[in-house]
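All residue numbers for the first sequence refer to full-length UniProt numbering, where the first residue is 1 and numbers rise by one. Each residue gets a CB set at the ideal place from its N, CA and C atoms; glycine is no exception. Note sheet for the following structure.
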Amino acid sequence: MTPDELSGALSAALAAAVADGTLALPADAIPASVHVERPRQREHGDWATNIALQLAKKAGVAPRTLAEDLAKRLVVTPGVKAVDVAGPGFLNITLDAAAAGSLARTIVEAGAAYGRNDSEAGLKINLEFVSANPTGPIHIGGVRWAAVGDSLARILTASGAEVAREYYFNDHGTQIDRFARSLLAAAKGRPAPEDGYGGAYIAEIAEAVIADALADGDADPRDLPDAEAQETFRARGVTRMFAEIKQSLHDFGVDFDVYFHEDSLHESGAVEHAVARLQAGGHMFEKDGALWLRTTDFGDDKDRVVVKSDGDAAYIAGDIAYYLDKRERGFDDVIIMLGADHHGYVGRMMAVCAAFGDTPGKNLQILIGQMVNLVKEGQPVRMSKRAGTVLTIDDLVGAVGVDAARYSLARYSADSNIDLDLDLLASAKNENPVFYVQYAHSRTVQVAAKAAERGVRREDGFDPALLDQESEAVLLGRLTEFPRIVAQAAELREPHRVARYLEALAGDFHSWYNQNLRVAPYPDEEVTDQHRTRLWLNDAVRTVLVNGLGLLGVSAPERM
RNA sequence: GCGCCCGUAGCUCAGUGGAUAGAGCGUCUGCCUCCGGAGCAGAAGGUCGUAGGUUCGAGUCCUAUCGGGCGCACCA
1 MTPDELSGAL
11 SAALAAAVAD
21 GTLALPADAI
31 PASVHVERPR
41 QREHGDWATN
51 IALQLAKKAG
61 VAPRTLAEDL
71 AKRLVVTPGV
81 KAVDVAGPGF
91 LNITLDAAAA
101 GSLARTIVEA
111 GAAYGRNDSE
121 AGLKINLEFV
131 SANPTGPIHI
141 GGVRWAAVGD
151 SLARILTASG
161 AEVAREYYFN
171 DHGTQIDRFA
181 RSLLAAAKGR
191 PAPEDGYGGA
201 YIAEIAEAVI
211 ADALADGDAD
221 PRDLPDAEAQ
231 ETFRARGVTR
241 MFAEIKQSLH
251 DFGVDFDVYF
261 HEDSLHESGA
271 VEHAVARLQA
281 GGHMFEKDGA
291 LWLRTTDFGD
301 DKDRVVVKSD
311 GDAAYIAGDI
321 AYYLDKRERG
331 FDDVIIMLGA
341 DHHGYVGRMM
351 AVCAAFGDTP
361 GKNLQILIGQ
371 MVNLVKEGQP
381 VRMSKRAGTV
391 LTIDDLVGAV
401 GVDAARYSLA
411 RYSADSNIDL
421 DLDLLASAKN
431 ENPVFYVQYA
441 HSRTVQVAAK
451 AAERGVRRED
461 GFDPALLDQE
471 SEAVLLGRLT
481 EFPRIVAQAA
491 ELREPHRVAR
501 YLEALAGDFH
511 SWYNQNLRVA
521 PYPDEEVTDQ
531 HRTRLWLNDA
541 VRTVLVNGLG
551 LLGVSAPERM
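Next up, the structure:
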């Protein structure tokens, strides 16, 4: 019996109570689906609902009285073993072992589909994340969004959405000029420019650019006049950096559907197109020789310059055009993940969204994630791209591997700052909970292998009523929750919920395993339905662990 | 000054109004002749920053306040 079926039974009980006059409520006061949840306390049964507490006041009856009535109606439902009224008016529901245990087979038969849901069904979602400037390797902050964003894309897809992963490649402005001047300076052995970048990677990129140029039969850029040389370093340096970033992300298990170049917006006329639309809407005005967007009409705290008085497009012009471009490509929801250092954009971009006649918070959703701090021996370590003291995506993967890196970045709420301890990274990687979850998975594989060796075959029998141990009820309850967890992670855009769920599931599984309830019989024992049914349960756990780890982009090894 | 995020066990963090607030790490005590001990069982450890408020019920919602992080450009 699934929570949805239980919820349906509760709705029916309510409807019946209204029909025979026991419950004096208008039909529209009855919720379409009654919320049931897993109680924290095992003594409170398999499922609990507070529906009587919610409706009692409206109906003018005591909560416990209503609860007693509902309990009587519900307890006759097939699969329901007991319904108790507790506390101020909770309904605590206990299922038959058979009704609960049947889930094991359902999950195994659903396989990869178990956990999929329709909470985002039919939506075309554009998810933009990372979008780090091509002026250096991706550092730890960007890696966090790579892990979280890619996982979110997987979760949204599992929830029925059509998702495009997109990377906005910022190759237009003065940051790129600085980058080019820095490369030139490094190539010529001159000190880094005042406002430039000084990391060791700059010298490496400069060398690579020179090698690329020579390989193409071009002149050594060091022999060119500065202006020409700088252009060579800009063009080749950006291309080079772009390729490196793409490769690093690929090695991290993250591949984008679209790498969108800011330059293309300016070259294609997309910026003019977007500005023209805003002008037509009456949202633009001229002042001090510049062209402004009146974002204050839509809640921003000040108006924004779109075209500067020198005729150049301001940065926001690209963002405006980019947003419109995404919408015109047919995306319903445009989601952008940004670090907390960019949260100043939210107000103006929401205003832009509204100026186009869209709905902020729906057509445009901006997710702000907090920063990652590096800590060494308890002291914060400042990371600076210009000083070259950065922890890059490749450093992180090299130190702990893709699985541990992705998992440990995705298991935290994006709202919380992460303190990453460099010593811990290097020394104690076994502390990562990812191994706890992966170990549970490999255990299910080994258990199944041993069972097969002893002649236990799922198709020879399944009797869910035999899953009557307490640890089995706990495990089944946990397995039931998975689709809801995925749906919730999708709706709230919070992938960490999947990770936390998997840790709990792994814990329940390890605990069950240690009861020594035997999936594989001892060598001198007969194979019974007990073994076969437990194998179904074991394999159901494996299915959910595989599906869940997959949503995080983490592997599920068969042995460790 | 204004805005956003955070404050929960010694540490790192879960907990989108429910019952006795959880996990990992660390500390202490037990558990390997049989499906892998990267595991399990148990103990210790909390005025959920503080003060008010809403509610049958608040870690969760509201207000104020303290502490920390990050922002408030004709930069990108």
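Secondary structure, beta strand (DSSP E): runs of 3+ residues fully inside the segment 106-173: Counting only runs of 3 or more, we get 124-128, 162-169.
Hey, how far is the Cα of aspartate 20 from the Cα of alanine 13? The straight-line gap separating the alpha-carbon atoms of aspartate 20 and alanine 13 is approximately 11 Å.
Output the distance between the C-alpha atoms of proline 464 and phenylalanine 356, rounded to the nearest integer angstrom. Proline 464 and phenylalanine 356 have their C-alpha atoms spaced approximately 56 Å apart.
Secondary structure at proline 360, three-state DSSP: helix, strand or coil? Strand, per DSSP.
Apart from the five residues on each side of it in sequence, which residues of its chain come closer than 7 Å, Cβ to Cβ, to aspartate 257? Within the same chain, aspartate 257 has close Cβ partners Ala164, Arg165, Glu166.
Can you give me the C-alpha to C-alpha distance between leucine 6 and glutamine 247, rounded to a whole angstrom? Their Cα atoms are separated by approximately 48 Å.
Which whole-angstrom value is the C-beta distance of serine 309 and glycine 289, which I expect to be below 8 Å? Confirmed, Cβ separation roughly 4 Å.
Taking all protein chains shown into account, decide if threonine 359 is buried (16 or more other Cβ within 10 angstroms of its Cβ) or exposed. Its Cβ having fewer than 16 others within 10 Å, threonine 359 is exposed.
Check whether the Cβ of valine 209 lies closer than 7 Å to any heavy atom of the ligand SAH, and answer yes or no. The ligand SAH is not part of the structure shown, which contains no ligands of any sort.
As assigned by DSSP and simplified to three states, the class of glycine 8: Residue state, collapsed to three classes: helix.
When you compare each of Phe129, Gly8, Ala405, Val375 to glutamate 431 by their alpha carbons, which one comes out closest? Out of Phe129, Gly8, Ala405, Val375, Ala405 has the C-alpha closest to the C-alpha of glutamate 431.
Are the beta-carbon atoms belonging to alanine 185 and leucine 123 less than 8 Å from one another? Cβ atoms of alanine 185 and leucine 123: not closer than 8 Å.
Using C-beta distances below 6 Å, list every residue in its chain close to alanine 192, excluding the 5 sequence neighbours before and after it, in chain order. Excluding sequence neighbours, alanine 192 sits near Ser182, Ala185, Gly198.
Would glycine 311 be called buried (16 or more neighbouring beta carbons within 10 Å of its own) or exposed? Classified as exposed, glycine 311 has fewer than 16 neighbouring CB atoms from the shown chains inside 10 Å of its CB.
Which ranges does the alpha helix (DSSP H) cover as unbroken runs of at least 4 residues, wholly within the segment 173-258, from first to last along the chain? Counting only runs of 4 or more, we get 174-187, 200-215, 226-251.
For the beta strand (DSSP E) that contains alanine 276, what are its first and last residues? Per DSSP, alanine 276 belongs to no beta strand (DSSP E); it is in the alpha helix (DSSP H), 270-280.
Are the CB atoms of leucine 537 and proline 495 nearer to each other than 8 Å? No. Outside cutoff.
Taking three-plus beta-carbon pairs below 8 Å as touching, is the segment 102-116 in contact with the segment 326-344? No, the segment 102-116 does not touch the segment 326-344.
Is the segment 411-424 in contact with the segment 475-489, if contact means three or more CB pairs nearer than 8 Å? Under the 8 Å Cβ criterion, the segment 411-424 does not count as touching the segment 475-489, having fewer than three qualifying pairs.
Can you say whether histidine 283 is buried or exposed, counting buried as having 16 or more other CB atoms within 10 angstroms of its CB? So histidine 283 counts as buried.
Whole-angstrom distance between glycine 455 and glycine 401, CA atom to CA atom: When rounded, the distance between both Cα atoms is 37 Å.
Determine, using beta-carbon pairs with one atom in the segment 77-95 and one in the segment 116-132, whether at least three such pairs fall under 8 Å. The segment 77-95 makes no contact with the segment 116-132, as fewer than three CB pairs between them are under 8 Å.
Cα-Cα separation between threonine 533 and serine 413, rounded to whole angstroms: CA-to-CA, the gap between threonine 533 and serine 413 works out to about 37 Å.
Could you give the distance in angstroms between the alpha-carbon of alanine 540 and the alpha-carbon of serine 151? Going by the C-alpha atoms only, they are around 22 Å apart.
Where does methionine 560 land, buried or exposed, given buried means 16+ other C-beta within 10 angstroms? Answer is exposed; the Cβ neighbour count stays below 16.
When Asn373, Val372, Val447, Arg458 are compared against leucine 517, the one with the closest alpha-carbon: Nearest option by C-alpha distance: Val447.
Look up isoleucine 316 in the DSSP assignment and say whether it is helix, strand or coil. Looking at isoleucine 316 - three-state DSSP - the assignment turns out to be helix.
Would you kindly check if the distance between the Cβ of alanine 506 and the Cβ of arginine 497 is under 8 Å? If you check the CB distance, arginine 497 and alanine 506 do not come in under 8 Å.
Assuming phenylalanine 179 and phenylalanine 260 make a contact with CB atoms under 8 Å, what is their CB distance in whole Å? The pair is not a contact, with the Cβ atoms about 19 Å apart (cut-off 8 Å).
Status (buried if at least 16 other CB within 10 Å, exposed otherwise) for residue 571: In the structure as shown, the chain begins at 1 and stops at 560. Residue 571 is therefore absent and cannot be evaluated.
Status (buried if at least 16 other CB within 10 Å, exposed otherwise) for histidine 531: So histidine 531 counts as buried.
Buried versus exposed call for phenylalanine 509 [16 or more other C-beta atoms within 10 Å across all chains shown]: Buried.
Taking a contact to mean a Cβ-Cβ separation below 8 Å, would you say valine 209 touches arginine 240 in this structure? Yes, they are a contact pair.
So aspartate 263 is in the alpha helix (DSSP H); what residue range does that whole segment cover? First-last of the alpha helix (DSSP H) with aspartate 263: 262-267.
Can you list, in chain order, the residues of its chain whose CB lies under 7 Å from that of alanine 56, leaving out five sequence neighbours each side? Result list for alanine 56: Ala62, Pro63, Leu66, Gly89, in chain order.
In whole angstroms, what separates the C-alpha of alanine 147 from that of tyrosine 407? Their backbone Cα atoms lie some 8 Å apart in a straight line.
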